[in-house]
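Here the protein sequences come in this chain order: A and B.
To convert, note that position 5 of the first sequence is 5 in our numbering; the numbers rise steadily by one, no gaps.
When you read off a place in the second sequence, starting at 1, and then add 218, the result is the number in our numbering.
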Amino acid sequence: MSESLFSKKNMKLIKDPLNDDNPITVQVLGICSALAITVKVETAFVMAISVLFVLIGANVIVSLLRKVIPSRIRIIVQLVIVASLVILVDQVLKAFVYDVSKQLSVFVGLIITNCIIMGRLEAFALGNKPGASFLDAVGNAFGYGIILIVVAFFRELFGSGTLTLPVVGKIEILTSLANNTGYEHNGLMILPPMALITVGIYIWIQRSRNRKLIEENH
Amino acid sequence: MEYFNIFVKGIFIENMIFAYFLGMCSYLAVSKTVTTANGLGLAVIFVLGVTVPINYLLENYVLKEGALSWLGEEYATMDLSFLSFIMFIAVIASTVQIVEMAVEKFAPALYGALGIFLPLIAVNCSILGGALFMQERQYANIGEASVFGLGSGVGWWLAIVAIAAIREKIKYSHVPGPLRGLGITFIICGLMGVAFMSFMGIEL
Chain A
1 MSESLFSKKN MKLIKDPLND DNPITVQVLG ICSALAITVK VETAFVMAIS
51 VLFVLIGANV IVSLLRKVIP SRIRIIVQLV IVASLVILVD QVLKAFVYDV
101 SKQLSVFVGL IITNCIIMGR LEAFALGNKP GASFLDAVGN AFGYGIILIV
151 VAFFRELFGS GTLTLPVVGK IEILTSLANN TGYEHNGLMI LPPMALITVG
201 IYIWIQRSRN RKLIEENH
Chain B
219 MEYFNIFVKG IFIENMIFAY FLGMCSYLAV SKTVTTANGL GLAVIFVLGV
269 TVPINYLLEN YVLKEGALSW LGEEYATMDL SFLSFIMFIA VIASTVQIVE
319 MAVEKFAPAL YGALGIFLPL IAVNCSILGG ALFMQERQYA NIGEASVFGL
369 GSGVGWWLAI VAIAAIREKI KYSHVPGPLR GLGITFIICG LMGVAFMSFM
419 GIEL
C-alpha cells in the first residue's frame with residue numbers, strides 16, 4: 001500500500017525548505033546566483049523557474065539512476081545530467097525571452113554548479129525514491145525562489161523605483177514621488193554589495209522570528 | 219601592459235566575490251579559519267590558472283562558429299557553441315580529478331592541506347564562471363586568457379583570506395543572537411564589497 005501524495009511526511013518535504021530548512025538562509029546553498037541576478041524582479045523570476053525545472057529534472061533522473069551510478073564517479077555523472085538540462089533551459093531562454101537571457105548572461109550556465117542542485121542530489125536524490133525526490137526538488141526550488149523574489153523586490157523598488165513583473169511588464173511605483181518631491185532613489189541598492197546586506201537582513205528577521213535557527217557558536 | 223591591466227582588473231575591479239558573487243557557497247562555508255581559507259584559496263588560484271587556458275583553446279579551436287575550419291573546408295561553418303557548458307564542466311571536473319591525483323602522488327604534504335578542498339572545487343561556481351566570462355569577453359590570445367584566470371583566482375583568494383581573518387576576530391564580539399554566524403558574515407561581506415567598489419573606474 002503506497003502512502004498518499006499529501007501524507008504528513010510528503011508535506012514536510014515541501015514545507016521545510018520554505019522556512020526551517022531554507023536552501024539559501026539555512027543550508028547556505030546556491031548563494032551566488034541568488035545575489036547576482038536580483039536587480040530586477042523579472043530576472044529573479046525567470047531564474048527561479050529555470051532552477052525549478054533543472055532541479056526537478058536532475059533530482060528525478062538521479063533518483064531513478066541511483067542504483068546504477070557507481071559512487072566513485074557520481075559527481076561527473078551528476079554534472080553531465082545537470083549540464084544537459086541546463087543547455088535545454090539556456091536554448092529555450094535564448095529562443096523565447098532573449099532580453100532576459102542577455103541579462104542573466106553567464107548565470108544560466110552557472111546553474112550547473114549551483115550548489116543547491118548538487119547539494120540536493122547528494123543529500124537527497126541519491127538515497128530516496130523518485131516521488132520523494134520530486135517533492136524535495138519542488139520544495140527546495142520554491143524556498144530558493146522565495147528568497148530571490150523578496151530580495152529582488154526590495155532591491156528594485158528602492159534602487160530604481162519600479163517593479164518589473166513577468167507578463168505585466170514594468171510598473172513605476174516610486175518614480176512619480178521622485179519627480180515631484182525630490183526623493184532620490186538609493187542607487188546603492190542596485191549595486192552588488194547591497195544584495196549581500198539585504199540577504200543578511202532577511203536572515204536576521206527570519207532568525208528572530210524562528211529562534212531555533214540561531215547559531216550557538218560562530 | 220595589457221597583461222598587467224587584465225591581472226589587476228581580475229583581482230580588484232572585477233573581483234569574483236564582490237562584483238559577481240561567484241564561488242559564494244564555499245566562500246561562506248570554508249571561511250571559518252584563516253589556514254583552511256588560505257588552502258582553498260590557493261587551490262582555486264591553481265585550478266583557475268589551469269582550466270581557463272584549456273577552455274580557451276577548446277573554445278577557439280572546437281566550439282566557436284568557424285573554429286573547426288582547421289579540420290577542412292566543410293567544417294568551417296559549424297557552430298558547436300551550444301555544447302560549451304557541458305565541455306567546460308567536463309574539462310573542469312577532469313582537471314580537478316587529475317590535479318588531485320597528481321598532488322596526492324607528488325606532494326603528499328600539500329595534499330594533506332588541500333585534500334578535502336580539491337573535489338569541492340569542481341562545483342565551485344567561480345571556476346565555471348571564469349570559463350564563461352572568458353568566453354563572453356573574447357580575449358585576444360591565450361596569454362590574456364591565462365592572466366585573466368590567474369588574476370581572478372588571486373582576487374578570490376584575497377577575498378576569502380580577508381573574510382576568514384575578520385570572522386576569527388568577530389568571535390569575540392557580542393553579535394545579536396539572530397544575526398550570529400551567517401547573518402553577520404553576509405553583512406560584513408557586503409561592507410567589504412562597498413570598500414572594493416572604490417576600485418571601480420580605475421584604468422591602468
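Built from N, CA and C at the ideal position, the CB exists for glycine as well.
At a C-beta separation below 7 angstroms, Thr43 (chain A) has no neighbours in chain B, since its nearest C-beta there lies roughly 14 angstroms away. Just so you know, the alpha carbons of Ile201 (chain A) and Gly401 (chain B) end up roughly 7 angstroms apart.
DSSP places Lys170 (chain A) within a strand segment (E or B) once states are collapsed to three.
Less than 8 angstroms divides the Cβ of Ala340 (chain B) from the Cβ of Ile75 (chain A). Under the three-state reduction of DSSP, Leu275 (chain B) is assigned to helix. The shortest CA-to-CA distance from Phe351 (chain B) to any of B:Gly361, B:Ala294, B:Val270, B:Phe324 is the one to B:Val270. For Leu35 (chain A), there is no enclosing beta strand (DSSP E); the enclosing alpha helix (DSSP H) covers residues 31-36. Going by DSSP, Thr403 (chain B) is part of the alpha helix (DSSP H) stretching over 400-415. Look at Leu13 (chain A) here: in three-state DSSP terms it is helix.
Taken through DSSP and simplified to helix, strand or coil, Thr113 (chain A) comes out as coil. When only Cα atoms are considered, Tyr279 (chain B) and Trp288 (chain B) end up about 8 angstroms apart. Taking the beta carbon of Met415 (chain B) as reference, the chain A residues within 7 angstroms of it are Leu191, Pro193, listed in sequence order. Under the three-state reduction of DSSP output, Thr251 (chain B) falls in the coil class, being neither helix nor strand.
A Cβ-Cβ separation of about 16 angstroms leaves Ser364 (chain B) out of contact with Met234 (chain B) under the 8 angstroms criterion. Chain A places a beta carbon closer than 8 angstroms to that of Arg398 (chain B), counting this residue as a contact. Counting C-beta pairs with one atom in each stretch, the region 384-393 of chain B and the region 6-16 of chain A have fewer than three that are closer than 8 angstroms, which means they do not touch. For Val138 (chain A), the CB contacts under 7 angstroms within the same chain, skipping 5 residues up- and downstream, are Ile14, Ile56 in chain order. Around the beta carbon of Ala294 (chain B), fewer than 16 other beta carbons sit within 10 angstroms, so the residue counts as exposed.
By the neighbour-count definition (other C-beta atoms within 10 Å, threshold 16), Pro70 (chain A) is an exposed residue. With a minimum length of 4 residues, there is no unbroken run of alpha helix (DSSP H) contained wholly in the region 362-398 of chain B.
Following the DSSP letters along the chain, one finds Thr43 (chain A) inside the alpha helix (DSSP H) bounded by residues 41-64. For Glu354 (chain B), the chain A residues whose Cβ falls inside 8 angstroms of its Cβ are Ser105, Val106, in order along the chain.
Gln206 (chain A) has its alpha-carbon roughly 25 angstroms from the corresponding atom of Val46 (chain A). With a contact defined as Cβ atoms closer than 8 angstroms, Leu35 (chain A) and Ala58 (chain A) miss out at about 22 angstroms. Rounded to the nearest whole angstrom, the CA to CA distance from Ala261 (chain B) to Leu336 (chain B) is 7 angstroms. Proximity to Thr313 (chain B) across B:Val372, B:Leu338, B:Arg355, B:Ala325 peaks at B:Leu338, based on C-alpha coordinates.
Among the residues facing chain B, Glu156 (chain A) is not included, as its CB has no counterpart in that chain under 8 angstroms away.
The C-beta distance from Ile360 (chain B) to Leu275 (chain B) rounds to 7 angstroms, short enough to fall under 8 angstroms.
In the assembly as shown, Val168 (chain A) is an exposed residue. Its beta-carbon has fewer than 16 other beta-carbons within 10 Å. Contacts between Ala247 (chain B) and chain A, judged by CB atoms closer than 7 angstroms, involve Val28 in chain order. Of all residues in the region 55-66 of chain A, none is placed with a Cβ closer than 7 angstroms to any Cβ belonging to chain B. The residue among A:Gly30, A:Ile49, A:Val60 with its C-alpha nearest the C-alpha of Leu135 (chain A) is A:Val60. Contact between the region 153-167 of chain A and the region 181-191 of chain A is present, with at least three C-beta pairs closer than 8 angstroms.
Going by beta carbons, Glu215 (chain A) and Gly399 (chain B) fall inside the 8 angstroms limit. Looking at the DSSP output, Leu163 (chain A) sits in a beta bridge with A:Ile171. Residues are counted here when their Cβ sits less than 8 angstroms from a Cβ of chain B; for the region 101-131 of chain A these are Ser105, Val106, Gly109, Leu110, Ile112, Thr113, Asn114, Cys115, Met118, given in chain order.
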